[in-house]
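Trainee: Line by line, the protein sequences give chains A and B.
Residues in the first sequence are numbered consecutively from 26, following the numbering used here.
Residues in the second sequence are numbered consecutively from 95, following the numbering used here.
Cβ atoms here follow ideal geometry from the backbone N, Cα and C, with glycine treated the same way.
These figures come from a predicted structure and were not determined experimentally.
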Amino acid sequence: MSETTASTNVKVVVNAIGLTKADYRGNPSTLCQGCGHNSISSQIIAACYELNLYPEEIVKFSGIGCSSKSPFYFLSRSFGFNGLHGRMPSLATGALFADHTLRGIGVSGDGDTASIGMGQFKHLLRRNMRLVYIVENNGVYGLTKGQFSATADRGLELKSHGINPYMPIDIAWEALVGHATFVARSFAGDPKQVKELIKAALNHNGVAVLDIISPCVTFNNVDHSTHSYAWGKDHETALHELSYVPKAEEILLEYDEGETREVQLHDGSVIILKKLGRDYDPTNREAAIKVLEEANSCQCLITGLIYIDPDQPSMLDIYQLTETPLNRLREDQLRPPKETLESLNRMFQA
Amino acid sequence: METQVRVEQQAVITEKIVNDFSITVATVNGSGSQTSNAAILRAIFKMGIPVSGKNIFPSNIQGLPTWYTIRVNKDGFVARKEEADILIAMNPATFSKDLASLKPGGAFFYADDIRLPIPRDDVVVYPMPVKQLIRQVEIPSYLRDYVANMVYVGVLAQMIGIELEKIRQALEFHFKGKAKPVEINFSVVSLAAEWARENLEKRDPYVLEPMKATEGLILTDGNTAAALGAIYGGVQFVSWYPITPATSLAENLQQYLPKLRKDPETGKNTFVVVQAEDESAAIGMAVGAGWGGLRAMSSTSGPGLSLMTEYLGLAYFAEVPVVVWDIQRVGPSTGLPTRTAQGDLTFVAFMGHGDTQNIILMPGSINECFEFAWKAFDLAEQFQTPVVVLSDLDFGMNQWMGKPFEYPDKPMNRGKVLWEEDLEKLDGKWARYLDVDGDGIPYRTVIGNRHPRAAYFTRGTGHDEYANYSEDPHHWHALLNRLKKKFETLKPFLPPPVVETMDGSRINLVAFGSTEPAIQEARALLRAQGIASDFTRIRSYPFTDQVSQICSGYDRNYVIELNRDGQLHQLLRMHFPELAPKLISYAYTDGLPLTAKQVYEFILSKEGG
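#1: So, are the CB atoms of aspartate 540 of chain B and asparagine 352 of chain A less than 8 angstroms apart?
#2: Taking Cβ-Cβ distances below 8 angstroms as the criterion, which residues of the segment 313-335 of chain A are in contact with chain B?
#3: Please confirm if alanine 200 of chain A has its CB atom under 8 angstroms from at least one CB of chain B.
#4: Comparing alpha-carbon positions, which option in B/Pro186, B/Val276 and B/Asn113 lies nearest phenylalanine 171 of chain B?
#5: In the DSSP assignment, the beta strand (DSSP E) including asparagine 657 of chain B goes from what residue to what residue?
#6: Taking C-beta to C-beta, are glycine 329 of chain A and alanine 263 of chain A nearer than 8 angstroms?
#7: Considering Cα atoms alone, identify which of B/Val592, B/Glu309 and B/Asp639 is closest to glutamine 374 of chain A.
#8: According to DSSP, what are the bridge partners of methionine 495 of chain B?
#9: Listing by chain order, which chain B residues have their CB less than 8 angstroms from the CB of alanine 41 of chain A?
#10: Under 8 angstroms Cβ-Cβ, which residues of chain A neighbour leucine 311 of chain B?
#11: DSSP state of proline 431 of chain B, grouped into three classes?
#12: Within its chain, find whatever has a CB closer than 6 angstroms to the CB of alanine 376 of chain B; leave out the 5 residues flanking it on each side and keep chain order.
#13: Does the CB of threonine 176 of chain A have a neighbour CB from chain B at under 8 angstroms?
#14: Any C-beta of chain A within less than 9 angstroms: which residues of the segment 533-553 of chain B qualify?
#15: So, helix, strand or coil for aspartate 649 of chain B, using DSSP?
#16: Report all residues from its chain with a CB closer than 8 angstroms to the CB of leucine 326 of chain A; omit the five preceding and five following residues, and keep chain order.
#17: What ranges does the beta strand (DSSP E) occupy inside the segment 227-258 of chain A, keeping only unbroken runs of at least 3 residues that lie completely in it?
#18: Does any CB atom of chain B fall closer than 8 angstroms to the CB of threonine 347 of chain A?
#19: Look at the alpha carbon of tyrosine 300 of chain B and the alpha carbon of threonine 683 of chain B, and state the distance between them as a whole number of angstroms.
#20: Tell me which same chain residues have a C-beta within less than 7 angstroms of the C-beta of leucine 619 of chain B, skipping the five on either side of it?
#21: For isoleucine 188 of chain A, count neighbouring C-beta atoms within 10 Å of its own C-beta (all shown protein chains included) and say buried if the count is 16 or more, exposed if not.
#22: Alpha carbon to alpha carbon, how far is alanine 572 of chain B from lysine 579 of chain B?
#23: Can you give me the C-alpha to C-alpha distance between tyrosine 254 of chain A and proline 240 of chain A, rounded to a whole angstrom?
#24: Please say whether isoleucine 454 of chain B and valine 482 of chain B have beta carbons closer to each other than 8 angstroms?
#25: Going along chain B in order, which residues have a C-beta closer than 8 angstroms to the C-beta of lysine 363 of chain A?
#26: So what does arginine 371 of chain A bridge to, in DSSP terms?
#27: Under DSSP, the beta strand (DSSP E) around asparagine 167 of chain B begins and ends at which residues?
#28: What residues from chain A crowd round tyrosine 162 of chain B, counting only those whose CB sits closer than 9 angstroms?
#29: In whole angstroms, give me the CA-to-CA distance for alanine 321 of chain B and alanine 616 of chain B.
#30: Take every Cβ of the segment 484-499 of chain B, pair it with every Cβ of the segment 334-348 of chain B, and state whether three or more of those distances are shorter than 8 angstroms.
#31: For chain A, check one thing: does any of its Cβ atoms lie closer than 8 angstroms to the Cβ of glycine 316 of chain B?
#32: Which chain B residues are close to glutamate 403 of chain A, counting only those with a beta carbon under 8 angstroms from its beta carbon?
#33: Compute the Euclidean distance between the alpha carbons of valine 132 of chain A and leucine 354 of chain A, then round it to the nearest angstrom.
#34: Mind pulling the chain B residues with CB within less than 8 angstroms of phenylalanine 146 of chain A?
#35: Taking Cβ positions only, does alanine 380 of chain B come closer than 8 angstroms to chain A?
#36: On the three-pair Cβ rule with 8 angstroms, is the segment 630-641 of chain B touching the segment 574-591 of chain B?
Put into structure tokens, the structure is as follows:
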């Protein structure tokens, strides 16, 4: 499989399936130095490495924009499809039916999701397709040089485009009211949280929306912008300290009683939420709505797992597919026998 | 108010007209007349008489006028006819106009609760006591309105000689063998027939006599044929969005797939049907599934295809197999959603920005709807490109006779797909867009392939042979020209034109799609006038050289189609400029299927003495 058997004396660090970190890397990024998206790509690499996932069992999807370029910069050994602007959800939905054993990671941006992509985003949620849907949210169009996106703050003033007069779209809110079964908000400047959320999301049996504030260092990193590094660092309030523990692993973290909450995912793995200041229950929809409203009114960046319902069937479950992936079915499984056509013909006959 | 004067019946039978007439049923949309009309049609078909049925309906759920026309013809000419010989008037709103449209000597059946003047003495008039008869049937009152239309089935059956037993069989087909509705409807039919036998005197010339001309044939619509063809082609993924007249294609897939395509051992599904949120999502899903190695399709009509264009352009460029059925309706814009046309040909030929090409298949019968449905998957996968099948409303939603569907005579062609063992043999050395075989068709892998070298990155941006992003002018130039080469390679694999010759012919009638019956009938009419004609039906695009060879053999090729601009004519002139002086366009669009008369009169005006 991989070239991890060290014939030299150099010690090669591998994970439990014998792969090195390099096996999860992608091509060199062509995004700007310091772009939040690069940090997220690194956490995707780290999460998959630590989860011992074969890269071949992950499929990457994206739409159009800076964010959507990033799947080329991680997991080179995974298939990827860079689709149309805002219409990655449909692409991913169709593709993931080809082999139900695979895990999908979709990377979108605020321009991609919150404008043309809003419709497909919402319908992805209501179908609960098993897909990690990351929105690298920076409030601005990068590739076309700094126009406001639909998530930009009202009143934000940027160099060449003046003042944004419109209300922003809140991705996490949209996900929550759209009945997403996993909604998280995070900050590219908080890599540990991003990584643990990605791990949990990859093991969620349904759609997992990660609205990650991912600063654009070139066009929208002014300190007063809620999408900047400085603002995020100053205003981040984590709901909890989050750790994902796979099913096979023993829970080694030691916490005092009453200090944590646990959410069990459908595969038996556990998300451990260490309380920080408050006792937040992410399985409570009402609490989730309140916390997002609170984030709006207090002008702070509340991060963490905002909502989860681990028990809903995913779209793939609903379709009752054969155990063999559809794209490996043979001709004799796909073409009904001749007699069946003869009987149909008799029905239509004179 | 006009006075309700009924004109004394004058018309009498002159000579019997057997198995050669057309019937128009004028009803209100949503009144349940579809069952009645389908029963008449199938019963005649079951009597062995060639027949067709066309629904001229409004874009409305309930309340607007709708007409169903049935053409009975012993010689097998079943194209639409302009005039009706028999008219069944059930709709007060169109009563007077319907009556006025009837041919002199025609038969006029009407529901006698419609109290409007009948100011014609050159037709035979038969009143039908619909309400009275329905009251005599023992059925729950809420069902009365639904079965009222069975009265005209019974009266007509008695007056023109449709065998009641055949009507029962037709109802059994319609209700898929469910005894109760068959019984209820048939009881109305019998009662009405009995009433007619006792109360009406036959004074019109139109009669049916059993034949053996439909023995072994089938009767169904093109969307059913397409759905079944797709199923026998191994369709695995269908994503669609409702749009007239394509809806019934997807609905037929939904109906038949669970019966035909469950794993026999586990009962699990080998297929997926998703009703998407719109056509953009429908095609996105289909492209995703096609990329993932599934036989994927969607079905739509013009407005939906406009929305699908962007993803299809990506699929062309990224080389993703996918099949889309365009059941054409009248455009531009929303157009006439419930009427037929052949107006999407040039749009589909160039669909997509930049230099884009598309494979188009053009079925010309319900049998070809079936055949092209499975072949489309083979072509899409063999050439890794979208295939658009151009059907139309006339095929899709109307009833056509055909031969029994033929089981695919070839194994599936899944194209150049490399799996783990293939990559093992190649030592992992392969490139997604490398023209290894010199035919322009590269090799591909699909998701789920566990070989560490299997993956590649698919994109709509410029790429090199290894699927890496590239803006290199040489890469771009080479890529677009390889795609062009691929389209040269595929031409011989497309369905060739169908040619029919006639002794002494010096002209050629060229067409595609659903217009053949009208053209064949016109050829017979022209021959009777001493004008012999050959016929060429084009079945695919891009055109092969065969098309130009055929057309160059005639001084005059009449290109006949249902659109304004003569789109097939345009494409032929563009691809074969040397043929231009020999190509004459007859293009006409009003939303209705072509008639023999239109073609006959046009050709006669050009060729007649």
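Mentor: So, from the listed chains and residues:
#1: The sequence given here has valine at residue 540 of chain B, not aspartate. Yes, Cβ-Cβ distance for valine 540 of chain B and asparagine 352 of chain A is below 8 angstroms.
#2: Those would be none; no residue qualifies.
#3: Output row for alanine 200 of chain A: interface = no.
#4: For phenylalanine 171 of chain B, the closest C-alpha among the options B/Pro186, B/Val276 and B/Asn113 is that of B/Asn113.
#5: For asparagine 657 of chain B, there is no enclosing beta strand (DSSP E), as DSSP marks it with neither H nor E.
#6: Closer than 8 angstroms, so yes.
#7: Distance from the Cα of glutamine 374 of chain A is smallest, within the candidate group B/Val592, B/Glu309 and B/Asp639, for B/Glu309.
#8: Methionine 495 of chain B is bridged to B/Leu313.
#9: Neighbours of alanine 41 of chain A on chain B: none; closest Cβ ~17 angstroms, over 8 angstroms.
#10: Scanning chain A for C-beta atoms nearer than 8 angstroms to the C-beta of leucine 311 of chain B yields Gln374 and Ala375, reported in chain order.
#11: Strand, per DSSP.
#12: Its chain contains Ser333, Trp334, Tyr335, Ala370 and Ser392 as the residues whose beta carbon lies nearer than 6 angstroms to that of alanine 376 of chain B, once the 5 sequence neighbours on both sides are disregarded; these appear in chain order.
#13: Using a CB distance cut-off of 8 angstroms, threonine 176 of chain A does not count as an interface residue toward chain B.
#14: From the segment 533-553 of chain B, only Thr539, Val540, Ile541, Gly542, Asn543, Arg544, His545, Pro546, Arg547, Ala548, Ala549, Tyr550, Phe551, Thr552 and Arg553 have a Cβ closer than 9 angstroms to chain A.
#15: Reduced to three states, the DSSP call for aspartate 649 of chain B is coil.
#16: Cβ within range, chain order: Arg210, Phe212, Ile238, Thr251, Trp256, Gly257, His260, Glu261, Thr262 and Ala320.
#17: DSSP runs (the beta strand (DSSP E)) wholly in the segment 227-258 of chain A: 232-238.
#18: When Cβ-Cβ separations below 8 angstroms define contact, threonine 347 of chain A makes contact with chain B.
#19: Looking at the backbone, the Cα of tyrosine 300 of chain B and that of threonine 683 of chain B are separated by about 31 angstroms.
#20: Within the same chain, Cβ atoms closer than 7 angstroms to the Cβ of leucine 619 of chain B are found at Ala690 and Tyr694, the five residues on either side in sequence being excluded.
#21: Isoleucine 188 of chain A comes out exposed.
#22: Spanning the alpha carbons of alanine 572 of chain B and lysine 579 of chain B requires a straight line of approximately 10 angstroms.
#23: Taking the straight line from one Cα to the other gives about 6 angstroms.
#24: Yes, these two residues count as a Cβ contact at 8 angstroms.
#25: Those within 8 angstroms of lysine 363 of chain A in chain B are Tyr501.
#26: Arginine 371 of chain A pairs with nothing; no bridge assigned.
#27: Counting along the chain, the beta strand (DSSP E) containing asparagine 167 of chain B begins and ends at 159-167.
#28: Under the 9 angstroms cutoff, chain A gives no residues; its nearest Cβ is about 19 angstroms from tyrosine 162 of chain B.
#29: Between the alpha carbons of alanine 321 of chain B and alanine 616 of chain B lies a distance of about 31 angstroms.
#30: Contact holds: three or more Cβ-Cβ distances are below 8 angstroms.
#31: No, because no Cβ of chain A sits closer than 8 angstroms to the Cβ of glycine 316 of chain B.
#32: Outside the shown range of chain A, which is 26 to 375, sits residue 403 of chain A, and nothing can be said about it.
#33: Distance between the alpha carbons of valine 132 of chain A and leucine 354 of chain A is about 30 angstroms.
#34: Ordered by position in chain B, no residue passes the 8 angstroms Cβ test against phenylalanine 146 of chain A, which lies about 11 angstroms from the chain.
#35: At least one chain A Cβ lies under 8 angstroms of alanine 380 of chain B.
#36: By the Cβ criterion, the segment 630-641 of chain B is in contact with the segment 574-591 of chain B, since at least three pairs of Cβ atoms, one from each stretch, lie closer than 8 angstroms.
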